[in-house]
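Let me begin by presenting the structure, written as structure tokens, before commenting on it.
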Amino acid sequence: MPFSSTDKIFVAGHRGMVGSAIVRALLAQGLRPEQLITRTHAELDLCNQAAVQSLFDQERPTQVYLAAAKVGGIHANNTYPADFIYDNLMVQANVVHAAHLHGVNKLLFLGSSCIYPRQAHQPMSENALLTGPLEPTNEPYAVAKIAGIKLCESYNRQYGHDYRSVMPTNLYGPGDNYHPENSHVIPALIRRFHEAKLANAPDVLIWGTGNPRREFLYVDDMAAASVFVMQLPAATYRARTKPMQSHINVGYGSDVTIAQLAESVKRAVGYQGAIVFDSSKPDGAPRKWMDSRCLNALGWSPHVDLDAGLALAYRDMVTGLRAQF
């Protein structure tokens, strides 16, 4: 069994897409429900340092998965840059520092592929970090995530902790955010094609040219990778990383154009109309493809392909809509 009877694991952000998938993965591997520590945002504001300290005082976790974050697509990042940098910096600093003060030696921080420079060589390897300018549309969020990596590395170097970081590619799946303006590309497309299908609309309008390339990973694969990395022996993890470059990429292994993605979503939803691209809208970075050879060499690889994942994601969205009525 990967867990001892004394383990108590705090999953910060357990109601989010990634956090809920991590909870599923932990329980599937044998963690007992009473060993899992969770709090909703209403119960605990992670931006409140005193409240976070109080949780650690009360629960005394032995491990932490830091999956809580303020996330969104291009529109949300452009509209609320101050919120994205402030909220993420505060959450990360409060949780990592509380873990240190309460003797938590094992922590996993979940970052983002946007930490890498806009013009990074593809696929983006871990050593591309801090080698060039970031994508302007999400720079505040990216800076916060870079700070999270450096927080973990700094506490490791100064205090000898075992705080690890994983950088996922673009994620999708159950529990995603389907807001019409503040969602990422896959949930935004799923919702748009679904609504067009119901309305018998002749076409669906998509921002940008359709030319940028993106890599997508099903969220339960990401959760499995997170637990896998957390459970690696310390010597194995350190042998594959460096004290000041300790993060590990988590990707699917290949990418698609946004136009190809749109066609795949169209098939998953069953929409019969046309796809129209609005080239006056921003594309974002031209390509984002993660080099996951480090993680693959450690023994992990994904299992859910894009078509199967999109079908599961669409079913989840439709189920959620039905539950509202």
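Just so you know, we're using our numbering here: the sequence shown kicks off at 7 and counts up by one. Note that beta-carbon positions come from the ideal geometry of N, C-alpha and C, so glycine has one too. Only a predicted model underlies this, so the values are computations on that prediction, with no experimental measurement involved.
query	result
Using 10 angstroms around the beta-carbon of TYR165, count the other beta-carbons present and answer buried if the total reaches 16, otherwise exposed.	exposed
Below 6 Å CB to CB, which residues in the same chain sit around ALA150 once its five sequence neighbours on both sides are set aside?	ILE91, ASN94, LEU95
So SER171 is in the beta strand (DSSP E); what residue range does that whole segment cover?	168-174
When you compare the region 281-293 with the region 225-242, are there three or more beta-carbon pairs, one atom per stretch, that lie closer than 8 Å?	no
Whose CA, out of GLU201, MET228, ARG220, lies closest to the CA of ILE28?	MET228
Please tell me whether TYR277 and PRO308 are closer than 8 Å, where the distance is taken between their beta carbons.	no
DSSP on VAL77, reduced to helix/strand/coil?	coil
What are the boundary residues of the alpha helix (DSSP H) that GLN251 is part of?	Neither: GLN251 is in no alpha helix (DSSP H) and is coded neither H nor E.
Which parts of the region 26-111 are runs of the alpha helix (DSSP H), unbroken and 4 residues or longer, counting only runs that do not cross its ends?	55-65, 80-85, 87-107
Out of ALA88, GLN55, SER232, ILE264, which has the shortest C-alpha to C-alpha gap to LEU113?	SER232
Answer yes or no: do LEU32 and ILE43 have a C-beta to C-beta separation smaller than 8 Å?	no
Tell me which residue opens and which closes the beta strand (DSSP E) that LEU301 is part of.	It is not in any beta strand (DSSP E) - LEU301 instead sits in the alpha helix (DSSP H) that spans 299-304.
With C-beta atoms as the reference, is ILE254 less than 8 Å away from GLU132?	yes
Mind listing, in chain order, the continuous beta strand (DSSP E) runs of no fewer than 3 residues lying wholly within the region 209-279?	209-213, 222-224, 253-256
Determine the DSSP secondary structure at ARG21, reduced to helix, strand or coil.	coil
Suppose contacts are defined by Cβ-Cβ distances below 8 Å. Is PHE115 in contact with TYR178 by that definition?	no
Can you grab the Cα-Cα spacing for the pair ASN100 / LEU37, in whole Å?	25 Å
For THR68, does the count of other Cβ atoms within 10 angstroms reach 16, so buried, or fall short, so exposed?	buried
Using a 10 Å radius around the Cβ and a threshold of 16 neighbouring Cβ atoms, would you call LYS333 buried or exposed?	What the structure shows of the chain is the stretch from 7 to 331, and residue 333 is not part of that stretch, so it cannot be assessed.
Once you ignore the five residues that flank ALA34 on each side, which residues in its own chain have a CB closer than 6 Å to its CB?	none
Might you give, ordered along the chain, the residues of its own chain that have their beta carbon closer than 6 Å to the beta carbon of ILE264, omitting 5 neighbours on each side?	GLY216, PRO218
What is the rounded straight-line gap between the Cα of TYR107 and the Cα of SER189?	Correcting the residue identity first, residue 107 is Leu in this sequence and not Tyr. Each residue's alpha carbon lies about 35 Å from the other.
Helix, strand or coil, according to DSSP, for LEU157 in the structure here?	helix
Quick one: what's got a C-beta closer than 6 Å to GLY181's C-beta in the same chain, skipping five residues either side?	MET23, SER26
Which residue wins for smallest C-alpha separation from TYR224, given the options GLN64, LEU301, LEU304, PRO193?	PRO193
Determine, using beta carbons only, whether PRO288 comes closer than 8 Å to chain D.	The structure shown contains no chain D, having only a single protein chain.
May I have the straight-line CA-CA distance separating VAL70 from VAL17, to the nearest angstrom?	6 Å
Assuming the contact rule is C-beta atoms closer than 8 Å, LEU195 and THR242 should be a hit. Round their C-beta distance to whole Å, please.	LEU195 to THR242, Cβ: 38 Å. No contact.
Quickly, what does DSSP pair LYS2 with across the bridge? List them, please.	Lying outside 7 to 331, the shown extent of the chain, residue 2 is not represented and no answer is given.
Which stretch, first to last residue, makes up the alpha helix (DSSP H) that contains VAL333?	Residue numbering for the chain in the displayed model covers 7 to 331; residue 333 lies beyond these limits and cannot be assessed.
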